[in-house]
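Data first, discussion second: the structure below is written as structure tokens.
Numbering (UniProt numbering), first residue to last: 1 to 74.
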């Protein structure tokens, strides 16, 4: 149920204003506001990507634990 999930995402501040082109770090950080903007415009996609990342992390953690158990069994 994506609408249910959306309601639990934290409210985000408006996107940051991009640095002026003359700023010394402007070329390093040109996309400062893009993540927040994406989070606001595509909350369901963001939640889905986060869930995918979380699932992968859980799988990796489980794999590490399984490997540790095998070592312990020897």
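Quick reminder that beta carbons are idealized off the backbone N, C-alpha and C, glycines included.
Can the beta-carbon of residue 45 be found less than 9 Å from the beta-carbon of residue 38?
Yes, the Cβ-Cβ distance between residue 45 and residue 38 is below 9 Å.
Can you look up residue 22 in the DSSP assignment and give me helix, strand or coil?
Coil, per DSSP.
DSSP-derived helix/strand/coil call for residue 57:
Helix, per DSSP.
To which residues of the same chain is residue 67 closer than 8 Å at the C-beta, ignoring the five residues directly before and after it?
For residue 67, same chain residues with a beta-carbon under 8 Å away, outside a window of 5 residues either side, do not exist.
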